[in-house]
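Before any comments, here is the structure.
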Amino acid sequence: MVRVKLIKDENEQYFERLVNEFLSELSEGQLINIQYATTPTAIATHSEYGVYPSVEYSAFIQYKESK
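In terms of the working numbering, the sequence shown opens at residue 356 and continues consecutively.
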């Protein structure tokens, strides 16, 4: 059976830790596919040096259920 896990967060370092922790729990051969996406959460009407827009990071992970 194929399972799906969605992980998302606005903090890039915390997001990476969540994804890495989940992937480390999978056995070899369980991972089917992983897709990453960044989504702006605010629209800026101007740009300013050193100021970055708010972004949400997400990972869509498909994996096989362990037996």
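Backbone N, C-alpha and C fix where the C-beta goes; we use that ideal spot for every residue, glycine too.
Determine the contact status of Ala397 and Ser413, defining contact as a CB-CB distance below 8 Å. no
Could you give the residue range of the beta strand (DSSP E) that holds Leu386? Leu386 to Pro395
What does DSSP give as the partner residues of Ile416 in its beta bridges? Lys360 and Ile389
8 Å Cβ cutoff met for Ile387 and Val357: yes
Taking 6 Å as the limit between beta carbons, can you name the residues of its chain near Thr393, skipping five residues before and five after? Val410 and Tyr412
7 Å CB neighbourhood of Glu376 in its chain, flanking five on each side removed: none
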